[in-house]
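To get our numbering, take the position in the sequence shown, counting from 1, and add 16. All C-beta atoms, glycine included, are put in the ideal place defined by N, C-alpha and C. Notes for the one structure printed next.
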Amino acid sequence: MDLNALNLNKWLSKTRLVVCVGSGGAGKTTTAASIGLWGALQGRKAMVLTIDPAKRLANSLGLKKFGNEETRIDLSPLDSDTDGELWAMMLDSRRTWDGLIIRGAPNEETRDRILNSHIYRHMADMFAGSQDYMATEKLFDLVTAEKYDLVVLDTPPVKNALDFLESPGRMINFLDEKVLKWYLLPFAKAKVGKRFMLGTQAFVYRLLAYIFGKEFLEDLGLFFQEFQSLYAGFRERHDAVVRLFRADDTGFLTICAPTESSIDVAVFFQEELKEREIPRAGVVTNQVHTCSGSFHDAFAILKEEADKAGTDLPPTVVSAVLARLGMAHRRLLQLATAEEKMTKAIRKAAKGGGFYAEIPRLEQQVHDLLSLRQVAENLFNRPGESL
Numbered sequence: 017m018d019l020n021a022l023n024l025n026k027w028l029s030k031t032r033l034v035v036c037v038g039s040g041g042a043g044k045t046t047t048a049a050s051i052g053l054w055g056a057l058q059g060r061k062a063m064v065l066t067i068d069p070a071k072r073l074a075n076s077l078g079l080k081k082f083g084n085e086e087t088r089i090d091l092s093p094l095d096s097d098t099d100g101e102l103w104a105m106m107l108d109s110r111r112t113w114d115g116l117i118i119r120g121a122p123n124e125e126t127r128d129r130i131l132n133s134h135i136y137r138h139m140a141d142m143f144a145g146s147q148d149y150m151a152t153e154k155l156f157d158l159v160t161a162e163k164y165d166l167v168v169l170d171t172p173p174v175k176n177a178l179d180f181l182e183s184p185g186r187m188i189n190f191l192d193e194k195v196l197k198w199y200l201l202p203f204a205k206a207k208v209g210k211r212f213m214l215g216t217q218a219f220v221y222r223l224l225a226y227i228f229g230k231e232f233l234e235d236l237g238l239f240f241q242e243f244q245s246l247y248a249g250f251r252e253r254h255d256a257v258v259r260l261f262r263a264d265d266t267g268f269l270t271i272c273a274p275t276e277s278s279i280d281v282a283v284f285f286q287e288e289l290k291e292r293e294i295p296r297a298g299v300v301t302n303q304v305h306t307c308s309g310s311f312h313d314a315f316a317i318l319k320e321e322a323d324k325a326g327t328d329l330p331p332t333v334v335s336a337v338l339a340r341l342g343m344a345h346r347r348l349l350q351l352a353t354a355e356e357k358m359t360k361a362i363r364k365a366a367k368g369g370g371f372y373a374e375i376p377r378l379e380q381q382v383h384d385l386l387s388l389r390q391v392a393e394n395l396f397n398r399p400g401e402s403l
């Protein structure tokens, strides 16, 4: 991917899918929304898919709350004449899972038998809780539908940084064809109501029957027989998602905060993305403290301003104010310097992986479209750094 060191707009114009990854609390959701907004302001039809957005972010998009339907965001408060559109939706894991069955079933009868199975309902609840896997499935649907020319995914919070990257293969591993065949072998060999099992298989079945009951095993066997017809479809989707992740117009954007723990996760993500040959768009460090000038320069400026504004104040008061302001500046400078040292680790790990950019810490919360646009402007109108 040809990235201009100072022009993130060029990168975004060539990108169709942006996947924001990183630790929780690093500002992934806000960054994802700001990228989608910026794309819309540049004339594109953008969709932001998020998992569990903060209520204030929903408000910033003009919504009382996020829903699981594709919702168009009203951009009129920005007084923009853009022809672009911004859409947003929150992932509904259970509905996404049901949709997989509906699309993958070979016929209506098989579909209904699976959806009405109590075993399916339990399994669906288990997999619906796997938000990272469901996010990849919904993402695949949104991109392949070609309804949007920019899709931005805010990945779910993860306890293990590898969860999302490994999620496409989770269903394939669960429905491993060899495992299914092993389990279904007795049913395939059924003769006159009898099933022949030998060795380890017989022992395992007797143990399961003792624990769960014979009726449950019968139901489970019938369910797996129905589910076996979906394996090819899941395999096909898995391969398609992997190709999507590695496509030239896909970019994984690592988001971090200027803290040691967040940067450690970001470094790990960069190493894994590189090893898996997944396109690295770059790194964005959020909530960075900025401070210009040395302490002595700042003190001289403060003294000059204090002399102008406080001509009627006693010298002792002016000196006290200057001392407090000088101390605050010194602390801010120390914090900014410490953060700059910490970000060297992620710069090094991301070498050769696109761009590096920082978003300054805002004085206020991102609570409306105007403040969200400010985040986007800080990202796209400030000089980036080629890695």
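Need the endpoints of the beta strand (DSSP E) that residue i sits in, please.
i      : result
GLN303 : 296 to 304
GLY267 : 266 to 272
TYR247 : Not the beta strand (DSSP E): TYR247 falls in the alpha helix (DSSP H), residues 247 to 261.
ILE89  : 87 to 89
GLY38  : 33 to 38
LYS61  : 61 to 66
VAL382 : Neither: VAL382 is in no beta strand (DSSP E) and is coded neither H nor E.
ASP128 : From DSSP, ASP128 is part of no beta strand (DSSP E) but of the alpha helix (DSSP H) over 124 to 131.
PRO376 : 371 to 376
LEU94  : Unbroken run through LEU94: none, as it is neither H nor E.
ASP170 : 166 to 170
Could you tell me which of the options sits nearest to residue i, measuring between CA atoms?
i      : options                           : result
GLY369 : GLN390, ILE317, VAL337 and ALA282 : ALA282
PRO295 : ARG262, ILE271, GLN286 and ASP280 : ARG262
THR87  : MET106, ASP97 and THR47           : MET106
GLN380 : SER76, TYR372, VAL37 and VAL168   : SER76
THR46  : SER402, PRO399 and LEU378         : LEU378
PRO399 : VAL382, TYR372 and VAL391         : TYR372
LYS290 : LEU79, ILE317, GLY267 and MET343  : GLY267
ILE375 : GLY55, HIS383, GLN390 and ASP99   : GLN390
ARG32  : LEU158, GLU401 and HIS345         : LEU158
GLU288 : VAL382, ASP179 and ALA56          : ASP179
LEU91  : GLY59, ASN25, GLU85 and VAL257    : GLY59
LYS61  : ILE89, ALA344 and VAL333          : ILE89
ALA121 : GLN241, VAL257 and ALA336         : GLN241
Can you give me the C-alpha to C-alpha distance between residue i and residue j, rounded to a whole angstrom?
i      : j      : result
ASP97  : HIS138 : 49 Å
GLY298 : GLU182 : 20 Å
LEU169 : LEU155 : 7 Å
TYR136 : ASP255 : 24 Å
VAL167 : PRO184 : 18 Å
LYS360 : LYS30  : 28 Å
ARG259 : ASN23  : 27 Å
VAL300 : ALA316 : 34 Å
LEU269 : ASP128 : 40 Å
LEU246 : GLU252 : 10 Å
SER308 : ASP328 : 29 Å
ARG211 : ASP165 : Residue confidence is low: ARG211 scores 48 on pLDDT, short of 50, so the model does not pin down where it sits. Its coordinate-derived value is still stated next. Taking the straight line from one Cα to the other gives about 54 Å.
ALA352 : LEU73  : 27 Å
GLY237 : MET63  : 41 Å
THR66  : ASP265 : 20 Å
LEU348 : GLU320 : 20 Å
HIS134 : GLU125 : 16 Å
ASP235 : ASN123 : 20 Å
GLY78  : ARG119 : 33 Å
TRP27  : ALA42  : 22 Å
ASN20  : SER402 : With a pLDDT of 43 at ASN20, under the threshold of 50, the modelled position of this residue cannot be trusted; read the value that follows with caution. Approximately 7 Å between the Cα atoms of the pair.
PRO330 : ASP323 : 11 Å
ASP95  : ALA161 : 30 Å
GLY249 : LYS367 : 38 Å
ALA339 : ARG346 : 10 Å
For the alpha helix (DSSP H) that residue i lies in, which residues bound it at each end?
i      : result
ALA104 : First-last for ALA104: 101 to 106, but that is the beta strand (DSSP E), not the alpha helix (DSSP H).
LEU79  : Run containing LEU79: none; DSSP gives neither H nor E here.
HIS149 : Correcting the residue type first, residue 149 is Tyr in the shown sequence and not His. That run of the alpha helix (DSSP H) goes 147 to 160.
GLU356 : 331 to 365
VAL391 : 385 to 396
LYS26  : 24 to 29
ALA48  : 44 to 57
GLU291 : 276 to 291
LEU116 : 109 to 120
Below 8 Å on the Cβ atoms is my contact criterion, and I expect residue i with residue j to pass it. Report the Cβ-Cβ distance as a whole number of Å.
i      : j      : result
PRO93  : LEU386 : 7 Å
GLN286 : ALA365 : 4 Å
ILE117 : LEU131 : 6 Å
ILE227 : ILE362 : Incorrect: roughly 49 Å between the Cβ atoms, too far for contact.
ALA15  : GLY100 : Here the chain comprises residues numbered 17 to 403, so residue 15 is not present and cannot be evaluated.
Establish whether the CB of residue i and some CB of chain B are separated by less than 8 Å.
i      : result
ASN302 : Among the chains of the structure shown, chain B does not appear; only one protein chain is present.
For the ligand FMN, I want to know if residue i counts as a neighbour, meaning its beta carbon is within less than 7 Å of at least one of the ligand's heavy atoms.
i      : result
GLN381 : The ligand FMN is absent from the structure shown, which contains no ligand whatsoever.
Kindly confirm or deny that the region 38 to 58 and the region 388 to 397 touch, where touching means at least three C-beta pairs closer than 8 Å. yes
Contact between the region 255 to 274 and the region 25 to 40 (3+ Cβ pairs under 8 Å): yes
Is it true that the region 108 to 122 meets the region 149 to 159, where meeting means three or more beta-carbon pairs spaced less than 8 Å apart? yes
Could you check whether the region 286 to 304 touches the region 349 to 367, counting it as contact only if at least three pairs of C-beta atoms, one from each stretch, sit closer than 8 Å? yes
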